[in-house]
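Quick note, the first sequence lines up with residues 539 to 735 if you use the working numbering.
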Amino acid sequence: MAEDRIIVFFDLETTGLDTSSCDIIQVAAVYEENVFNKYTLPRQAMTPSAKQVTGFTVRPDGLFLHDKPVETVPLTEVLNSFISFLRSFRRPVLLAAHGAKRFDAPVLTRVLRRHSLLQQFQQVVSGFLDTFLLSKHLYPRLSRHSQEYMVQHFLRMSYNAHNALEDARMLQKLYKRWSPNNGDILCSSFRGVGCFY
DNA sequence: TGCCAGGCCCTCTTTAGGGCCTT
């Protein structure tokens, strides 16, 4: 991992939990005060549990979040502008998400590959950091390691969980509170999934 | 009618089961 790499915290909201088939609805990321946040209209219906958890609904007239209309852009535009956002820092990026290994990285990689953007992505992103694995590594005795629990436990805050932007912001706060060393980060990082090597 | 995600980890384990975690 390059010494001068930065860690960008990100989160996805999707139509469900099946990483092999779900559609992305929201991509959000933060690096310090820099923010990326875009929504896109999924091609498929949301699972009932995803609808309940995220508050998103897909209607004939567009995407709604808690019954308020949300501005969407085509998925290709979301992905291209996300890569541009990451490239703008002009340093290798380690992308961090809670559960990145199991969920966010496989979904993002699959969608990037489908849009022939994986190679461009790889030129900017050196790997992923899974803060779920990191929290288990740092605090193995805690009974739970969900992001919502971690935020309550370490930051004594409740927040708008399951909105990708708020999740990414809180993850950055948590990371700063934890202050992991390079060894901790390496233990919880991976280069990619599938052909992302 | 019965299916409906799936990998990881723990233990009352390994010839298994169940909870956690992500949406």
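From the three backbone atoms N, C-alpha and C, an ideal C-beta is built for every residue, glycine too.
Phenylalanine 734 to threonine 647 span [Cα, whole Å] = Residue placement at phenylalanine 734 is flagged as unreliable, the pLDDT there being 45, under the threshold of 50; the coordinate-derived value follows with that caveat. Rounded to the nearest angstrom, the two C-alpha atoms are 8 Å apart.
key: Spatially closest choice to serine 726 from Gly554, Phe620, Arg640 and Asp705, by CA coordinates   = Checking every option, the nearest Cα to that of serine 726 belongs to Arg640.
request  = Please check the pair alanine 567 and phenylalanine 623, which I expect to be a contact at CB under 8 Å, by giving their CB distance rounded to whole angstroms.
outcome  = That pair is a contact at about 7 Å.
ask   = Which residue comes first and which comes last in the beta strand (DSSP E) that contains glutamine 564?
value = From DSSP, the beta strand (DSSP E) with glutamine 564 extends over 562-569.
ask   = Which first and last residues belong to the alpha helix (DSSP H) in which alanine 634 is found?
value = Alanine 634 -> not in any alpha helix (DSSP H); beta strand (DSSP E) instead, spanning 631-635.
inquiry  = Could you compute how far the alpha carbon of glycine 600 sits from the alpha carbon of histidine 700?
reply    = Rounded to whole angstroms, glycine 600 to histidine 700 spans 20 Å at the Cα level.
inquiry  = Tell me whether the region 662-671 and the region 579-587 touch, counting them as touching only if at least three CB pairs, one residue from each stretch, are closer than 8 Å.
reply    = Counting Cβ pairs under 8 Å, fewer than three are found: no touch.
ask   = Alpha carbon to alpha carbon, what distance is there between valine 689 and aspartate 542?
value = Distance between the alpha carbons of aspartate 542 and valine 689: 28 Å.
ask   = Of all the options Val649, Ser619 and Ala634, which has the alpha carbon lying nearest to the alpha carbon of threonine 552?
value = Closest option to threonine 552, Cα to Cα, is Val649.
key: 8 Å contact criterion, which glutamate 563 and phenylalanine 594 should meet: CB distance rounded   = The residue asked about is misnamed: residue 563 is isoleucine in this sequence, not glutamate. About 6 Å separates the beta carbons of isoleucine 563 and phenylalanine 594, which is inside the 8 Å limit, making them a contact pair.
message = My output table needs one value for arginine 648: the three-state DSSP class, helix, strand or coil.
response = If DSSP states are grouped into helix, strand and coil, arginine 648 belongs with the helices.
request  = Please confirm whether valine 662 and arginine 625 have their CB atoms less than 7 Å apart.
outcome  = In contact: valine 662 and arginine 625 (Cβ atoms closer than 7 Å).
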